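Trainee: These protein sequence lines map, in sequence, to chains A and B.
Each residue of the first sequence is one higher than the last, beginning at 49 in the numbering used here.
Each residue of the second sequence is one higher than the last, beginning at 2 in the numbering used here.
Take this structure first; my questions come after.
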Amino acid sequence: AQTVTQSQPEMSVQEAETVTLSCTYDTSESDYYLFWYKQPPSRQMILVIRQEAYKQQNATENRFSVNFQKAAKSFSLKISDSQLGDAAMYFCAYRSPLNGGSQGNLIFGKGTKLSVKP
Amino acid sequence: DGGITQSPKYLFRKEGQNVTLSCEQNLNHDAMYWYRQDPGQGLRLIYYSQIVNDFQKGDIAEGYSVSREKKESFPLTVTSAQKNPTAFYLCASTRTGWTEAFFGQGTRLTVV
């Protein structure tokens, strides 16, 4: 079974600085998706960024980028120029390919709580 | 606007009572999911449904039941058999071949 591990329960960053959140996963599949979701105090889950495993290029969305290391099964999230609104829980998630009987369900890590200091 | 609506936002239940959480989507998505979130536990899958009138157990289905009579609706019943029901519950939906899951705003269930 696939697992997702986030080893940093809490992180802190100074406003305008850069922070990296770590995520590792375990799978025997070769084609899958990885996601970072943000959950602010409102508790609404918001998609931050996604990465297709077959793409070697790291995904980027404005101030958010990932470092996807497929061989190492690592998927870290870098937040540049941190803003107060970035303070939230961040969840790493894995989705299996939609074939071979797999339902493509999301498997989540336990989350990293990010604080941003003014 | 399209989206997922969960109701109520807060729910209180007495021990021994069943309670039903509502989840409705107008995104025309085929699949719907229920997750439970506890502090320090991330999100854990309770039930999911790929098509109407069909659903499967997730990792923590014991003490829960669901139905999928309409494409738009996927209600979750927390039964008295659920030993520790106090939690935050999130509903999600996805379209066929999905690359993004859409979430509702959640229901906070408290047993009193």
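Idealized CB from N, CA, C, for every residue including glycine.
Note that this is a predicted model, so its numbers are computed, not measured.
#1: For B/Pro86, does the count of other Cβ atoms within 10 angstroms reach 16, so buried, or fall short, so exposed?
#2: With a threshold of 8 Å between beta carbons, is B/Gly3 in contact with chain A?
#3: Can you pull the DSSP bridge partners for A/Asn169?
#4: Output, in chain order, the set of chain B residues within a Cβ distance shorter than 8 Å of A/Gln92.
#5: Establish whether the CB of A/Asn153 and some CB of chain B are separated by less than 8 Å.
#6: Give me whichever residues DSSP pairs with A/Trp84 in a beta bridge.
#7: Rank B/Pro9, B/Arg14, B/Thr6, B/Arg96 by C-alpha distance to the C-alpha of B/Lys84 and give the top, closest one.
#8: Check whether the stretch 65-79 of chain A touches the stretch 136-145 of chain A, taking contact to mean three or more Cβ pairs, one atom from each stretch, closer than 8 Å.
#9: What does A/Glu58 pair with, by DSSP beta-bridge criteria?
#10: Is B/Asp31 helix, strand or coil when you go by DSSP?
#11: Would you grab the beta carbon distance between A/Ser130 and A/Glu58 for me? Rounded to a whole angstrom, and I think it's under 8 Å.
#12: Three or more C-beta pairs closer than 8 Å, one from the stretch 83-97 of chain A and one from the stretch 24-33 of chain B: is that the case here?
#13: Between which residues of its own chain and B/Asn54 is the CB-CB distance below 8 Å, once the five residues before and five after are set aside?
#14: What residue does the beta strand (DSSP E) around A/Ile155 start on, and which one ends it?
#15: Expressed to the nearest angstrom, what Euclidean distance is found between the alpha-carbon atoms of A/Tyr105 and B/Ile5?
#16: Do you know whose CA, among B/Lys10, B/Gln38, B/Thr21, lies nearest B/Ala88's CA?
#17: Excluding the 5 residues preceding and the 5 following B/Val67 in the sequence, name in chain order all residues of the same chain whose CB lies nearer than 6 Å to its CB.
#18: Flag A/Tyr81 as yes if its beta-carbon sits less than 8 Å from any beta-carbon of chain B, otherwise no.
Mentor: Once the coordinates are examined:
#1: buried
#2: no
#3: Absent from the model: residue 169 of chain A. The displayed extent of chain A is 49 to 166, so no value can be given.
#4: Phe104, Gln106, Gly107
#5: yes
#6: A/Ile97, A/Cys140
#7: B/Arg14
#8: yes
#9: A/Lys161
#10: coil
#11: With 8 Å as the limit, A/Ser130 and A/Glu58 do not qualify as a contact, their Cβ atoms being about 15 Å apart.
#12: no
#13: Arg69, Glu70
#14: 154-156
#15: The sequence given here has Gln at residue 105 of chain A, not Tyr. Their Cα atoms are separated by approximately 32 Å.
#16: B/Gln38
#17: Tyr48, Phe56, Leu77
#18: yes
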